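Asker: Below you will find the structure I want to go over with you.
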Amino acid sequence: DEREEKAGYPIDHSDGGEDDDPVEHAEWARKLEAMGRNPRAPWKRQVETLEIDPEKDAITDSGT
Numbered sequence: 782d783e784r785e786e787k788a789g790y791p792i793d794h795s796d797g798g799e800d801d802d803p804v805e806h807a808e809w810a811r812k813l814e815a816m817g818r819n820p821r822a823p824w825k826r827q828v829e830t831l832e833i834d835p836e837k838d839a840i841t842d843s844g845t
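The numbering of the sequence shown is our numbering, which starts it at 782 and goes up by one.
Given below as structure tokens:
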């Protein structure tokens with residue numbers, strides 16, 4: 782909001798929040814790709830107890 786903008790942010794996010802070293806970022810992306818993961822969305826689940834159905838990309842409480 783305007784008050785936050787006026788006060789300033791504790792973290793410089795002028796680049797959209799991307800603060801990775803470009804070389805390290807590229808290495809990590811290659812590692813994720815080698816694991817068969819999308820580097821832009823590499824997560825399989827939020828927590829170990831929740832499984833995301835890869836066919837539906839959804840979580841349900843009904844078990845189906």
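No residue lacks a Cβ here, since even glycine has one placed at the ideal position from N, Cα and C. Given the structure is predicted, the values throughout are model-derived calculations rather than measurements.
L813 to E832, Cα distance in whole Å?
Answerer: As a first step, residue 813 must be located in the sequence shown, where it is residue number 32. As a first step, residue 832 must be located in the sequence shown, where it is residue number 51. One alpha carbon belongs to L813, the other to E832, and they sit about 19 Å apart.
Asker: What does the alpha-carbon distance come out to for the pair D848 and E808?
Answerer: The shown model of the chain, from 782 to 845, leaves out residue 848, and the question about it has no answer.
Asker: Out of T830, K837 and A810, which one is the CA nearest neighbour of R821?
Answerer: Locating residue 821 in the sequence shown gives position 40, where the first residue counts as 1. Checking every option, the nearest Cα to that of R821 belongs to A810.
Asker: Skipping 5 residues on each side, what residues in its chain have a beta carbon closer than 8 Å to that of R826?
Answerer: Position 45 of the sequence shown, counting from 1, holds the residue named residue 826. E832 and I833.
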